[in-house]
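Numbering (full-length UniProt numbering), first residue to last: 1 to 269.
Here it is as structure tokens:
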């Protein structure tokens, strides 16, 4: 599991944008990095827990020349985070951005940061050793993982999602899209976000909410969930926890949410 803090959240630097676009860009960068890292890990290109060295031009491993291993990614978000999660661009669009990135783009910084975080969490243990190349070297954009997304499956987990009008106030009624120019890739290019209903119905999705949520009424959440479940072929599911509020501080609320999540994960595994 990997966790992303948005700017201004908890102890994170910066502040909330009130448009949602920088936060969406943060999630896209994080999503793309985890996609590549997990494929390298599953394909044998990296030892468990290791991170490729961003100072090297090449990333070694069988993933550069062999078929990508199957990877499943659950995209999750709580409250404001659910708004970003449900508006993420499609995986193909994100992978295309990383394939076309330049050496000056933020991708290498993401790898370096991930390595520093990992090494800092080792608490005195020796740093992991990177495997030596076994089938040639390649840059991230040349790796097999970035040319075949068919081995990746996606699911969504939303906790206490925000619906109109609250979510509109949080983005100042602006439309969410990914500004590629801000990512240092292609100036002036923008990627539209797919409709949340499309993504949440096509992919396995679990929404957990409390019937005492003070930001979005239980009635509205029920209606929204029912509409998504009625879409032909929908894989959307929701669980309403009796007595739970938006912050899940009520007695027994968190354990009920955990049980619902555990059951759902067993069903989609």
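Positions of the beta carbon are idealized from the N, C-alpha and C atoms, including for glycine.
Computed from a predicted structure; not experimentally measured.
Of the listed residues 195, 204, 249, nearest to residue 89 (C-alpha basis): Translated into positions along the chain shown, residue 89 becomes position 89. For residue 89, the nearest C-alpha among the options comes from 195.
CB-CB length for residue 157 against residue 76, believed under 8 Å: Start at 1 with the first residue of the chain shown, and residue 157 comes out as number 157. Start at 1 with the first residue of the chain shown, and residue 76 comes out as number 76. That belief holds up - the Cβ atoms of residue 157 and residue 76 are roughly 4 Å apart, short of 8 Å.
Bridge-paired residues (DSSP) for residue 208: Your numbering for residue 208 matches position 208 in the chain shown. Answer by DSSP bridge pairing, in chain order: 159, 239.
Which residues DSSP lists as bridging residue 71, in chain order: Taking the first residue of the chain shown as 1, we reach residue 71 at position 71. BP columns for residue 71 point to 152.
Bridge partner(s) assigned by DSSP for residue 78: By 1-based counting over the chain shown, the position of residue 78 is 78. Beta-bridge pairing links residue 78 to 159.
Chain-order list of residues whose beta-carbon lies under 8 Å from that of residue 162 (same chain, five-residue window excluded): Looking up residue 162 in the chain shown gives position 162. The beta carbon of residue 162 sits closer than 8 Å to the beta carbons of 79, 80, 82, 83, 170, 215, 216 from its chain, once the five residues preceding and following it are set aside; these are given in chain order.
Limits of the unbroken alpha helix (DSSP H) element including residue 223: Translated into the one-based positions of the chain shown, residue 223 becomes position 223. 218-229 is the extent of the alpha helix (DSSP H) around residue 223.
Boundaries (first-last residue) of the alpha helix (DSSP H) holding residue 99: If you number the chain shown from 1, residue 99 lands on position 99. For residue 99, the uninterrupted alpha helix (DSSP H) segment begins and ends at 91-99.
Start-to-end residues for the alpha helix (DSSP H) that takes in residue 254: Numbered from 1 along the chain shown, position 254 holds the residue referred to as residue 254. Unbroken alpha helix (DSSP H) run through residue 254: 253-268.
Close-in-space but distant-in-sequence residues of the same chain around residue 152 (CB under 6 Å, 5 per side omitted): What you label residue 152 is simply residue 152 of the chain shown in a count that begins at 1. 71.
Short Cβ contact (7 Å threshold) for residue 247 with residue 205: For the purposes of this step, residue 247 is identified with residue 247 of the chain shown, where counting begins at 1. For the purposes of this step, residue 205 is identified with residue 205 of the chain shown, where counting begins at 1. No.
Integer Cβ distance of residue 241 from residue 210, believed to fall under 8 Å: Position 241 of the chain shown, counting from 1, holds the residue named residue 241. Position 210 of the chain shown, counting from 1, holds the residue named residue 210. Residue 241 to residue 210, Cβ: 5 Å. Contact.
For residue 197, the first and last residue of its enclosing alpha helix (DSSP H): Residue numbering aside, residue 197 sits at position 197 when the chain shown is read from its first letter. That run of the alpha helix (DSSP H) goes 196-202.
Contacts around residue 253, its chain only, beta-carbon distance under 7 Å, and the 5 residues preceding and following it disregarded: Here residue 253 corresponds to residue number 253 of the chain shown, with the count starting at 1. For residue 253, where only same-chain residues beyond five positions count, the Cβ hits under 7 Å are 210, 241, 243, 244.
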